[in-house]
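Enquirer: To start, I am sharing the structure in question, which I have written as structure tokens.
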Amino acid sequence: MKNDYIPFPSKILEVVRHTSIEYTFRMEYHGKVEPGQFFEVSIPKYGEAPISVSGIGDGFIDLTIRRVGKVTNEVFERYAGDTLLLRGPYGNGFDLSNYVGKDLIIMAGGTGLSPVRGVVDHFARHPEQRGHMTLIAGFKTPHDILFREDLKRWENSMDVILTVDCAEEDVACHVGLVTQYIPQIQLGNVEDTVAIVVGPPAMMRFSVQGLRNIGLPEENIWISQERKMCCGLGKCGHCKVGDTYICLDGPVFNYTKGKFLVD
Ligand SMILES: Cc1cc2nc3c(=O)[nH]c(=O)nc-3n(C[C@H](O)[C@H](O)[C@H](O)COP(=O)(O)OP(=O)(O)OC[C@H]3O[C@@H](n4cnc5c(N)ncnc54)[C@H](O)[C@@H]3O)c2cc1C
Ligand code: FES
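Spelled out as structure tokens, the structure:
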């Protein structure tokens, strides 16, 4: 019988440094996976950490990891050619059909851009599949900006509003919270406009409120939730809120359900 807890080895193909504590690890992977799903990354003796897929390609997935603790510290000691252990993919991911043919707003805070990067990239490459698209991406400072090259490239096919909470020097982006830029969104018919919001809980709460204030119905908004997880596959109950397993039923939720799960 197949044991779902047994991880498989995956080779690190490339490491891209974004900031001093955030790197993307390109991992060898041949299999089906959707943007917004996650893998459990493990290192024997150190443990496991759930990490979202930030990119999907032929024979690889990208995992963008922030160095914060036991497992991630150890991952940062690995280089291209080394191996990590993975389990997954887990979770539901973003169902792109929810956004096809609609005007699309994506609001991402910090590493929240990572799980939604695959969605942005898909609709950047296939503008014929959606209407007008706006990405508002916010980071704490200019040093924290992730995926700079992608942000530049995405500007060619959508409105990209890049903003930092604070900046000591002149910066080539906006300054202020993502919510401040909601009035700049070129808004069409709100019934035909959908939004994805991913980031820290407070950012998600205020961003959703801002989108509701400009008329978006809550059923047109999706969020992605991060919770403390253990098994990642609906067995241990660690991530359970009420009768919802974040690891299994999420981490992507329509806001009509997600609003009961936001911290
Ligand atoms: C669905 C999902 C997707 C995720 N996607 C990503 C992703 O794409 N990229 C990413 O970088 N992260 C992601 N995370 C978060 C990541 O899984 C956590 O940051 C994970 O805990 C890291 O594991 P770690 O062992 O390195 O850190 P841990 O050692 O578990 O530390 C985690 C945090 O707890 C604090 N901490 C640790 N020990 C203590 C203590 N004794 N007292 C007080 N505080 C303490 C640390 O300072 C740190 O802030 C995701 C989480 C979920 C649930
Ligand atoms: S993490 Fe075990 S049930 Fe969700």
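Here the sequence shown is numbered in the working numbering, starting from 407 and rising by one per residue. By construction, the Cβ of each residue, glycine as well, lies at the ideal position given by its N, Cα and C atoms. Quick caveat: nothing in here was measured; it's all calculated off a predicted structure.
In the DSSP output, what is L469 paired with across the bridge?
Expert: Looking at the DSSP assignment, L469 forms a beta bridge with F431 and V459.
Enquirer: Tell me, which residues are paired with S613 by DSSP?
Expert: For S613, which the question treats as bridged, DSSP gives no partner whatsoever.
Enquirer: Taking the alpha helix (DSSP H) that E480 falls in, what are its first and last residues?
Expert: K476 to V481 is the span of the alpha helix (DSSP H), which, as asked, contains E480.
Enquirer: Quick one: give me the first and last residue of the alpha helix (DSSP H) that V526 is part of.
Expert: Element bounds for V526: L519 to R531.
Enquirer: Ligand 2 heavy atoms versus the CB of K417: any closer than 8 Å?
Expert: No.
Enquirer: In terms of residue numbering, what span does the alpha helix (DSSP H) encompassing D556 cover?
Expert: Here the alpha helix (DSSP H) through D556 covers R554 to W560.
Enquirer: List the DSSP bridge partners of A486.
Expert: Partner(s): none; A486 has no beta bridge.
Enquirer: Can you find a heavy atom of ligand 2 that lies under 8 Å from the Cβ of L617?
Expert: Not so, every heavy atom of ligand 2 lies at least 8 Å from the Cβ.
Enquirer: Who does A514 pair with in a DSSP beta bridge?
Expert: Paired residues: A543 and V604.
Enquirer: Relative to ligand 1, what is the chain-ordered list of residues with a Cβ closer than 5 Å to any of its non-hydrogen atoms?
Expert: After applying the 5 Å Cβ criterion, the set is F444, A455, P456, I457, S458, I471, R472, V474, G475, K476, V477, T478, S520, E632, M635 and P657.
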